[in-house]
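Protein chains in written order, with the working numbering: chain A, 2 to 313; chain B, 63 to 126.
From the three backbone atoms N, C-alpha and C, an ideal C-beta is built for every residue, glycine too.
Predicted model, so just to flag it, every value in this text is computed and none were measured.
Below is one structure, written out as structure tokens; comments come after it.
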Amino acid sequence: MKCRKCPQRAVLGMPRHNTAFCGPCLTEFVRAQVQKAIKAQAMFSPDDHILVAVSGGKDSLTLWEILLKLGYRADALYVDLGIAGYSERSHEKVERFARDVAESCGSKLIIHTVEEDAGAGIKELATLVKRPTCSTCGTIKRYQFNRVAWENKYDVMATGHNLDDEAARLLGNVLQWQEEYLQKQSPTLPASVEGFSKKVKPLYRMTEREIAAYAVVNRIDYLVEECPMAKGAKMLVYKDVLNRLEMESPGTKHRFYYGFLDKQKNTAATSSSSMTAMDQTTLLPCTTCAQPTTAGTCSFCRMMARAKSATR
Amino acid sequence: MKIHLSHPTRDAELKGPKRVADIFKELQLIPEAFLIIRGQDLMTEDEIVADGDSIEVRPVISGG
């Protein structure tokens, strides 16, 4: 298979675009797609200071690398979850990337260790508060990313969610008819109230396979192994179903999610100003930590209080 | 050919030469969820893996 842009051997076929690229042309294509996403969704400008949430996996390290290569000012936050073995290996990948790639761009890595902060790793915490590990992890990560971005005055927080993540999440939300989640499933969420950082997903135009290929071509040393806690996760089932459809009809994931975004664009309730107005009427500062919440005490503080009382 | 797979980590052997697309079929894997890597190079589905080659079948899907 030949590259569609130059005479070189292709390294990746992309049936959804009916094309194929060699390494350098793939790199150019992916970076252009990310730049297009940033502009189309008004994510940030070159003057903004960005905080990238990194895990050591392909998506977040690739996102950090692309933002730096595109000339953006991007630091990163790694949350060490304290999962035996896995966290050490992911931590090492992130540290190595920061040292070998990011530092020379003037970019820094911030590390938050769950065990130091909460007195236990994620698995133990989940057991203490009697919640699934993935939901405990989600609550902690969302809270800490927002807290660090807000306290350190970053203009925007970026995550490595890709087209597969967004299409799978959309499928899950539609299957359960979770309309309140559908309203907030956008590649850009505004900093709607005091204490909330703006959140963006610059990789939403790229599939997981395209991102992994970019990482291999550009020698990004990421952690290939899956989080051991993700075994049996619903998202993996949704992704598998969507990939089977994709094989039958290339472009399915793309059409599903982009079609949703097109419809969302024409819905007043999901515009940035409507979301901001809605948040301003429903969110108040948490009585414990002051981060915005719909309840008196936010879910993170409630969870930490439950964990503390369980250890007494 | 020697094939290294992940999630879970395991090794397999197949008789070569074989097209990458046929390796996917034989292992009953969905190509959209994997990359095939020989050495440090990605391989497209029409490429041939020789009998003596070693390849990695790398999953690209994460729990996210």
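- For Lys64(B), the uninterrupted beta strand (DSSP E) segment begins and ends at Lys64 to Leu67.
- When C-beta distances to chain B are compared with 8 Å, the residues of the stretch 192-223 of chain A below that value are Thr208, Glu209, Arg210, Ile212, Ala213, Ala214, Val217, Val218 and Arg220, in chain order.
- CA-to-CA, the gap between Phe197(A) and Thr71(B) works out to about 41 Å.
- Between Ile123(B) and Glu209(A), the CB-CB gap stays under 8 Å.
- Contact check for Thr160(A) against Lys200(A) passes: the beta carbons are separated by less than 8 Å.
- C-alpha of Pro121(B) to C-alpha of Phe96(B): approximately 4 Å in a straight line.
- With respect to the 8 Å criterion, Gly14(A) and Thr106(B) are classified as neighbours on the basis of their beta carbons.
- For Asp166(A), the uninterrupted alpha helix (DSSP H) segment begins and ends at Leu164 to Leu176.
- Here Thr288(A) has Gly297 and Thr298 as same chain residues with Cβ atoms under 6 Å from its own Cβ, once five neighbours each way along the sequence are excluded.
- With distances taken between CA atoms, Thr20(A) lies nearest to Cys4(A) out of Lys185(A), Cys4(A), Cys138(A) and Leu171(A).
- For His50(A), DSSP records a beta bridge to Arg74(A).
- In this structure, DSSP gives Ser275(A) a helical state, which the three-state scheme calls helix.
- Rounded to the nearest whole angstrom, the CA to CA distance from Ala278(A) to His162(A) is 26 Å.
- Bounds of the alpha helix (DSSP H) holding His255(A) are Thr253 to Lys266.
- Taking CB atoms only, Asn244(A) has a neighbour in chain B less than 8 Å away.
- About 15 Å separates the beta carbons of Val35(A) and Phe22(A), which is beyond the 8 Å limit, so they are not a contact pair.
- Per DSSP, Arg100(A) is not a residue of any beta strand (DSSP E), being assigned neither H nor E.
- Here Asp101(A) is exposed: its Cβ has fewer than 16 other Cβ atoms, across all protein chains shown, within 10 Å.
- Closest in C-alpha terms to Met230(A), from the list Cys135(A), Gln42(A) and Lys131(A), comes Cys135(A).
- Distance from the CA of Ser61(A) to the CA of Ser108(A), rounded to the nearest whole angstrom, comes to 15 Å.
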